[in-house]
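Chains A and B supply the protein sequences, listed in that same order.
According to our numbering, the first sequence is numbered sequentially starting from 374.
According to our numbering, the second sequence is numbered sequentially starting from 114.
Backbone N, C-alpha and C fix where the C-beta goes; we use that ideal spot for every residue, glycine too.
It should be emphasised that the depicted structure is a prediction, and the values quoted were computed from it without experimental measurement.
Following: one structure in structure tokens, then a few remarks.
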Amino acid sequence: MNEHSPAHVKETAMPLGARQPGEEEKDSSEIADAACARAPIGLLAELTHRCPLQCPYCSNPVELERVNTELTTQEWQDLMRQAAALGILQIHLSGGEPTVRRDLVEIVKTAADAGLYTNLITAAVLLKREQLAKLKEAGLDHVQISIQDSDTRPENADRIGGYKGGSAKKKVVAGWVRELGLPLTINAPIHRHNVDNVEGIINYAVELGADRVEIAHVQYYAWALKNRAALMPTLEQFNESAKIVEKAREDLKGIIVIDAVVPDYYAKYPKPCMGGWGRGIINVTPSGRVLPCHAAESITGLEFDNIKDKPLAEIWLNGDAFQKYRGTDWMKEPCRTCPRREIDFGGCRCQAFALTGDAANTDPACSLSPLHAQWAKVAEVESHEAAPPFIYRRPGGASAKPGTQKTPATSDA
Amino acid sequence: MAEGAQRVRAIVEAATRPVIPPHIKLRHDAGRGRWIILAPERLFDPDEVAVEVLKLCDGQRTVADIADQLAKEYNAPVSEITADIIEMLQDLADKGVVKA
Chain A
374 MNEHSPAHVK
384 ETAMPLGARQ
394 PGEEEKDSSE
404 IADAACARAP
414 IGLLAELTHR
424 CPLQCPYCSN
434 PVELERVNTE
444 LTTQEWQDLM
454 RQAAALGILQ
464 IHLSGGEPTV
474 RRDLVEIVKT
484 AADAGLYTNL
494 ITAAVLLKRE
504 QLAKLKEAGL
514 DHVQISIQDS
524 DTRPENADRI
534 GGYKGGSAKK
544 KVVAGWVREL
554 GLPLTINAPI
564 HRHNVDNVEG
574 IINYAVELGA
584 DRVEIAHVQY
594 YAWALKNRAA
604 LMPTLEQFNE
614 SAKIVEKARE
624 DLKGIIVIDA
634 VVPDYYAKYP
644 KPCMGGWGRG
654 IINVTPSGRV
664 LPCHAAESIT
674 GLEFDNIKDK
684 PLAEIWLNGD
694 AFQKYRGTDW
704 MKEPCRTCPR
714 REIDFGGCRC
724 QAFALTGDAA
734 NTDPACSLSP
744 LHAQWAKVAE
754 VESHEAAPPF
764 IYRRPGGASA
774 KPGTQKTPAT
784 SDA
Chain B
114 MAEGAQRVRA
124 IVEAATRPVI
134 PPHIKLRHDA
144 GRGRWIILAP
154 ERLFDPDEVA
164 VEVLKLCDGQ
174 RTVADIADQL
184 AKEYNAPVSE
194 ITADIIEMLQ
204 DLADKGVVKA
């Protein structure tokens, strides 16, 4: 025991996708130590791409996978056991909307029995109390509910998600989560249609009994890129929201944990996407494709393995797509000799590919990228123009109006 | 700021009976040969002292009880141990890892 009270517990954020911890920058060696590069820590299971919401910033790939290609119950259960054996600790059950899978309870039970920490990432609008109780009984550890705005602005929330009555339903479900004694995170994607209400959203999360809230500025990849002009806040709006988050962290210390995600158009350095490619996180699509990141399929030319063909450990260790951008050997200048190369790993490979045509280039989010100035300018211009209508995400194609379909067909897939 | 927020920050004191809530898992990670704490989208890497303290956070023992026990094991002054534990547990309580 040391009399100088050193930090006895080191904290490591395990961000999914492009998220990053809102707190002080972590020393890279510390992350390497805690996250252990040899075995992945987290697995994001996209159980389905079906979803009742039509959010214009949907993070699923532009090409959605169909219900008849989804893995079976047994295949997901087998994957959970393989994940635990590989050393994975946390399973994020996501989608689409994972609760449309009728076998969700069985999958959760298998994961929990294998010793995995299970996190349900849901839009909540389809959940029934009884189903939630069964999930808890099966061993579910944590629930994350996404919201579009606070309950004081339900019309705005429902307009953004393209789901009438969604705001009210989410509130009811969040209440059940707490009644059942499950911990709750509220995830709020932030953009120009709700950036003025960040304080209200944080307070709403507190009121809902959440232990944690994510103030997550939208990341403009995949579908969200189609709606960038409709969603991008101005730099001034972003700065204001950042101030509010900072003050709330202080005011609400010990009451709620606030994680923030910066829109990288307004950042100086890129995010360490996925905490480094093939380093800590695995993503599995509804049909069983195993990806280093949920958007990786946007990089043409990469070859992805399927869990139906090979063991998870084999894919993780030797899979083409995982090896391609793992570590730092693949880097070009300015990344290759950059002192930050093991802090941010050159940013997002998908964004580098989308904007430069080569995924090995520096992410234009980095101020050292030759494209950075031009790229940042886009945000400035678009955010000051009148917002065009949303291109809603709906099965079967895009629309400027939210569709009327409310509940996707469930299946026993 | 916190209008509508009835919840208050829990302050850790000697009489507090800290407990690890059910959704936080203190687990031995055999593959990596260490203890870890699993939390939503977070991992915590406790050192040996922290593991000893957290194993005793059962909602029954007070901070003072825990300090007494560890003071004997580590042969260190109770006052120092108590201060150390309170600082650590307050930090963990603020992060939602421990309920006080």
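Identity of the residues DSSP links to residue i by a beta bridge
i	result
H590 of chain A	A:I563
L416 of chain A	A:I464 and A:I655
H745 of chain A	Answer by DSSP bridge pairing: none, since H745 of chain A is not bridged.
V516 of chain A	A:L493 and A:L557
W148 of chain B	B:H141
K212 of chain B	B:V132
T385 of chain A	B:L156
D678 of chain A	A:V663
R585 of chain A	A:T558 and A:V630
Through-space distance from residue j to residue i, alpha-carbon basis
i	j	result
G468 of chain A	E126 of chain B	43 Å
H381 of chain A	D204 of chain B	10 Å
T421 of chain A	P471 of chain A	6 Å
Y577 of chain A	L675 of chain A	42 Å
I629 of chain A	K644 of chain A	24 Å
S378 of chain A	A640 of chain A	Here the model assigns S378 of chain A a pLDDT of 40, short of 50, so the residue's position is not dependable, and the following value carries that caveat. Cα-Cα distance, rounded: 35 Å.
D197 of chain B	A189 of chain B	11 Å
E186 of chain B	C428 of chain A	56 Å
K620 of chain A	E613 of chain A	11 Å
K383 of chain A	P159 of chain B	6 Å
P556 of chain A	G730 of chain A	42 Å
A759 of chain A	A752 of chain A	13 Å
E755 of chain A	A484 of chain A	44 Å
M201 of chain B	E154 of chain B	21 Å
G534 of chain A	Q521 of chain A	7 Å
R551 of chain A	R122 of chain B	18 Å
Y593 of chain A	Q696 of chain A	25 Å
A496 of chain A	L685 of chain A	28 Å
V440 of chain A	P712 of chain A	45 Å
C646 of chain A	A668 of chain A	11 Å
V132 of chain B	A180 of chain B	15 Å
L513 of chain A	V546 of chain A	15 Å
S401 of chain A	E503 of chain A	Only weak support is given to the placement of S401 of chain A: the predicted model assigns it a pLDDT of 35, under 50, and the value that follows is read from those uncertain coordinates. Near 44 Å, if we compare the C-alpha coordinates of E503 of chain A and S401 of chain A.
V211 of chain B	P562 of chain A	28 Å
Y765 of chain A	P606 of chain A	18 Å
Sequence-distant residues of the same chain with beta carbon closer than 7 Å to residue i, five excluded per side
i	result
V635 of chain A	H590
R174 of chain B	R130
T658 of chain A	E419, E438 and L664
A506 of chain A	L553
R601 of chain A	Y593 and E755
Beta strand (DSSP E) segment containing residue i, residue limits
i	result
D158 of chain B	R155 to P159
K138 of chain B	K138 to D142
A633 of chain A	V630 to V634
Host alpha helix (DSSP H) of residue i (start-end)
i	result
S540 of chain A	G539 to E552
R174 of chain B	That residue, R174 of chain B, is in no alpha helix (DSSP H); it is neither H nor E in DSSP.
R622 of chain A	L608 to D624
V663 of chain A	Not the alpha helix (DSSP H): V663 of chain A falls in the beta strand (DSSP E), residues R662 to L664.
C424 of chain A	Looking at the DSSP string, C424 of chain A is not in any alpha helix (DSSP H), and its letter there is neither H nor E.
F695 of chain A	D693 to K697
R454 of chain A	T446 to L459
R502 of chain A	R502 to A511
Y577 of chain A	V571 to E580
Neighbourhood of residue i by C-beta distance below 6 Å, restricted to the same chain and skipping five residues each side
i	result
T446 of chain A	D476 and E479
A733 of chain A	W703 and K705
G460 of chain A	A412
A457 of chain A	A487, G488 and L489
L452 of chain A	I680
A206 of chain B	A123, V125 and A213
I574 of chain A	S523 and A561
Contacts around residue i, its chain only, beta-carbon distance under 8 Å, and the 5 residues preceding and following it disregarded
i	result
R140 of chain B	W148, I149, I150 and L151
P789 of chain A	Nothing about residue 789 of chain A can be read from this structure; chain A reaches only from 374 to 786.
A738 of chain A	D637, Y638, A640, Y642, P643, K644, G720, C721, Q724, H745 and W748
A177 of chain B	A127, A128 and T195
E436 of chain A	E670
Q801 of chain A	Here chain A has residues from 374 to 786 only, and residue 801 of chain A is not among them.
Integer-rounded CB distance, given that residue j should sit under 8 Å from residue i
i	j	result
W689 of chain A	N433 of chain A	With 8 Å as the limit, W689 of chain A and N433 of chain A do not qualify as a contact, their Cβ atoms being about 22 Å apart.
G719 of chain A	D693 of chain A	Wrong, their Cβ atoms sit about 19 Å apart, outside the cutoff.
V586 of chain A	I631 of chain A	6 Å
I654 of chain A	L417 of chain A	7 Å
D584 of chain A	G209 of chain B	5 Å
Q463 of chain A	G415 of chain A	4 Å
A511 of chain A	K482 of chain A	4 Å
I617 of chain A	E572 of chain A	5 Å
P425 of chain A	L508 of chain A	Rounded, the Cβ-Cβ distance is 18 Å, inconsistent with contact.
Residue i beta carbon near the ligand FAD (any heavy atom closer than 7 Å)
i	result
L608 of chain A	What this structure holds is no ligand at all, so the ligand FAD is not there to describe.
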